[in-house]
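K.L.:
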Amino acid sequence: MAELAAVIASTHHPFYYRASTSTGADRPPFADEWVAKIEAFRETLTRAEPDVLVMVGSDHFHQLWLDNMPQFLVGKAPFFDANFYNEEREFGLPRMTLRGEEDLAAHLLRDGLDRDFDLAFSNELRIDHSITCPIITLRPQADLPIVPIYTNIFAPPLPQPKRFVQLGRAIREMVESWDSDKRVAVIGTGHLSLELGGPRQFGEHGPDPEFDRKAVEWIASGDIEGCLAEVSLESLHTPGNATHGFMDFMLMMGVAGEGQKADHVDTLDLFHTMEAYFTWYPNGVPAGSER
Amino acid sequence: MSKYLIDKFLYTVDRDPELVERYREDPTGTVEWWEAEMANTLLNCIADERTTWLAFDDEERRALREHDHVALFQLGAHPFLTLTLFIAMFERDHGPLEYQKAYGKAMEHISLPYPDIAT
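Chains A and B, in that order, give the protein sequences. The first sequence runs contiguously to residue 291 in our numbering. The second sequence runs contiguously to residue 1119 in our numbering.
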């Protein structure tokens, strides 16, 4: 059976690529600290020596649209082109092509349907910055095959938070039941408090630092029940109008498991959002890694 | 009211470089053309399958013609779509983050709960 080598959750700030590659007067004052944190975070994946990446993200109205919106979708294709014109335009993101892992995708679809998740699938999916940003931060050589899983955190009506946790738990079990000797890392990105297109956008920090503090604690300590007790679709509107992306963090808490403390926790308070990075090693910390 | 059609306008324009420039330079003409020619095009269907009934109401049409992002927000347009398209059209005329901050400040009189964005 496959081994779950690492579970990784993070934010996916689309400005990282530009900030980290900029030089001279164009380089923002926070770039060096940001790069140092990302490089330490990247090492947590490198040490896990993964063969395959399951990548949880959310399309930002790039390919999936309101005429036919899936709640949860698995990409099953031999290759995935990545990043769209309006992401190049806005964030300077490069075009990319990533290999797919179709056997694992087929397993997740079959087994997921049998576990009562009505998963949509796509044989022609172009992936966006919710998946390419963690590639840029965690695996910039982009050399590993992926299975993209898209969730709807963006276009109401949304699934309930508990459904994200349940899907995370199922992904864990399905990865570990995959008939393969591969080492799989599950990587998911979401948001802490975030406002886009509203009056609280682009402030000096995230719109709700108190929510961010609680959210980081829930994730770092694996406190799924405490998190579910306080979070609802309605309450997530209060910390910022894009905070529903936090449910992808909740999905990753489901993958990691109730009460599982993260082995790597780091944050960075940036303008308009708090960056947050978490890694769990389900089968023990690789030799030489931090605790 | 058709929140869906507002979102469809923003979505189809934002993903097309030529339409972004056209909407920046000639908002009234672009909205008129789009409503006549594009509103009833079913995405992922051939032209023969176009629908017949989608139209803006007067306030929606005015807000789009006038690049009125505050009104679009209050009408329940998806704020990500409005923001990303308007950044594409107008950020170039401003310093770093200046446009985005002014965009938010123009809405500072709006308090929670924000308008429903469900379509």
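C-beta atoms are modelled at their ideal positions from N, C-alpha and C, and glycine is treated no differently.
Does the Cβ of Ala105 (chain A) have 16 or more other Cβ atoms within 10 Å, making it buried, or fewer, making it exposed?
P.N.:
buried
K.L.:
Please name the residues in the region 185-203 of chain A whose beta-carbon is closer than 9 angstroms to at least one beta-carbon of chain B, in chain order.
P.N.:
Within the region 185-203 of chain A, the residues whose Cβ lies closer than 9 angstroms to some Cβ of chain B are Glu195, Leu196, Gly197, Gly198, Pro199, Arg200, Gln201, Phe202 and Gly203, listed in chain order.
K.L.:
Taking three-plus beta-carbon pairs below 8 angstroms as touching, is the region 203-223 of chain A in contact with the region 83-94 of chain A?
P.N.:
no
K.L.:
Using Cβ-Cβ distances below 9 angstroms, what residues of the region 64-95 of chain A are close to chain B?
P.N.:
Trp65, Leu66, Asp67, Asn68, Phe84, Tyr85, Asn86, Arg89 and Glu90
K.L.:
Expressed to the nearest angstrom, what Euclidean distance is found between the alpha-carbon atoms of Arg1018 (chain B) and Leu1010 (chain B)?
P.N.:
It should be pointed out that residue 1018 (chain B) corresponds to Glu in this sequence rather than to Arg. Spanning the two alpha carbons is a distance of roughly 13 angstroms.
K.L.:
Less than 7 angstroms between CB atoms is the rule here; does Leu1043 (chain B) satisfy it with respect to chain A?
P.N.:
yes
K.L.:
Of the residues that make up the region 1070-1087 of chain B, which ones have a beta carbon closer than 8 angstroms to any beta carbon in chain A?
P.N.:
Phe1073, His1078, Pro1079, Phe1080, Leu1081, Thr1082, Leu1083, Thr1084 and Ile1087
K.L.:
Does the beta carbon of Phe1009 (chain B) come closer than 7 angstroms to any beta carbon on chain A?
P.N.:
no
K.L.:
Return helix, strand or coil for Pro161 (chain A), following the three-state DSSP convention.
P.N.:
helix
K.L.:
Relative to chain B, which residues along the region 149-183 of chain A have a C-beta separation below 9 angstroms, given in chain order?
P.N.:
Phe154, Ala155, Pro156 and Pro157
K.L.:
Check this for me: beta carbons of Leu158 (chain A) and Leu233 (chain A), under 7 angstroms apart or not?
P.N.:
Between Leu158 (chain A) and Leu233 (chain A), the gap from beta carbon to beta carbon is short of 7 angstroms.
K.L.:
State whether the region 259-272 of chain A contacts the region 1046-1062 of chain B, with contact taken as three or more CB pairs (one from each stretch) at a distance under 8 angstroms.
P.N.:
no
K.L.:
Is Ser177 (chain A) helix, strand or coil when you go by DSSP?
P.N.:
coil
K.L.:
Determine the closest residue to Tyr281 (chain A) out of A:Met252, A:Met274 and A:Glu275, with distance taken between C-alpha atoms.
P.N.:
A:Met252
K.L.:
Identify the residues that DSSP records as bridge partners of Thr279 (chain A): which are they?
P.N.:
A:Ile8 and A:His264
K.L.:
Whose Cβ in chain B lies nearer than 7 angstroms to the Cβ of Asn241 (chain A)?
P.N.:
Pro1079 and Tyr1114
K.L.:
With a threshold of 7 angstroms between beta carbons, is Ile1110 (chain B) in contact with chain A?
P.N.:
yes
K.L.:
Looking at chain B, which residues of the region 206-239 of chain A have a Cβ within less than 8 angstroms of any of its Cβ atoms?
P.N.:
His237 and Thr238
K.L.:
Can we say the region 143-151 of chain A touches the region 192-202 of chain A, given the rule of at least three CB pairs closer than 8 angstroms?
P.N.:
The region 143-151 of chain A, when compared against the region 192-202 of chain A, does not touch it at the 8 angstroms Cβ threshold.
K.L.:
Note the first and the last residue of the continuous alpha helix (DSSP H) segment covering Ile224 (chain A).
P.N.:
Ile224 to Glu230
K.L.:
Taking a contact to mean a Cβ-Cβ separation below 7 angstroms, would you say Leu1083 (chain B) touches Asp1014 (chain B) in this structure?
P.N.:
no
K.L.:
Strictly below 7 angstroms CB to CB, what residues from chain B border His129 (chain A)?
P.N.:
Per Cβ cutoff of 7 angstroms: no residues; His129 (chain A) is ~12 angstroms from chain B at best.
K.L.:
Answer with yes or no whether the minimum CB distance from Gly1104 (chain B) to chain A is below 7 angstroms.
P.N.:
yes
K.L.:
According to DSSP, which residues form a beta bridge with Ser122 (chain A)?
P.N.:
A:Gly75
K.L.:
With DSSP collapsed to three states, give me the class of Val255 (chain A).
P.N.:
helix
K.L.:
Going by C-alpha to C-alpha distance, which of B:Ala1055, B:Arg1050, B:Val1031 and B:Asp1016 sits closest to Lys1003 (chain B)?
P.N.:
B:Ala1055
K.L.:
So which residues on chain A does Ala981 (chain B) lean against when the C-beta distance must stay under 9 angstroms?
P.N.:
Given that chain B is displayed from residue 1001 to residue 1119, the structure contains no residue 981 (chain B) and the question cannot be resolved.
K.L.:
To the nearest angstrom, how far is the alpha carbon of Pro78 (chain A) from that of Glu1059 (chain B)?
P.N.:
For Pro78 (chain A) and Glu1059 (chain B), the distance between alpha carbons rounds to 46 angstroms.
K.L.:
Should the region 52-65 of chain A be called in touch with the region 170-190 of chain A, which here means at least 3 C-beta pairs below 8 angstroms?
P.N.:
yes
K.L.:
Any C-beta of chain A within less than 8 angstroms: which residues of the region 1088-1103 of chain B qualify?
P.N.:
Going along the region 1088-1103 of chain B in chain order, one finds Ala1088, Leu1097, Gln1100, Lys1101 and Tyr1103 with a Cβ nearer than 8 angstroms to chain A.
K.L.:
May I ask you to list the residues that DSSP assigns as paired with Ile149 (chain A)?
P.N.:
Answer is A:Val56 and A:Val74.
K.L.:
Taking Cβ to Cβ, would you say Pro156 (chain A) is nearer than 7 angstroms to Met1107 (chain B)?
P.N.:
no
K.L.:
So with CB distances below 7 angstroms, who are the chain B contacts of Phe61 (chain A)?
P.N.:
Tyr1011, Phe1080 and Leu1081
K.L.:
Buried or exposed for Met274 (chain A), going by 16 or more other Cβ atoms inside 10 Å?
P.N.:
buried
K.L.:
With DSSP as the reference, label Phe1080 (chain B) as helix, strand or coil.
P.N.:
helix
K.L.:
Among all the DSSP beta bridges, which residues are the ones paired with Gly190 (chain A)?
P.N.:
A:Thr11
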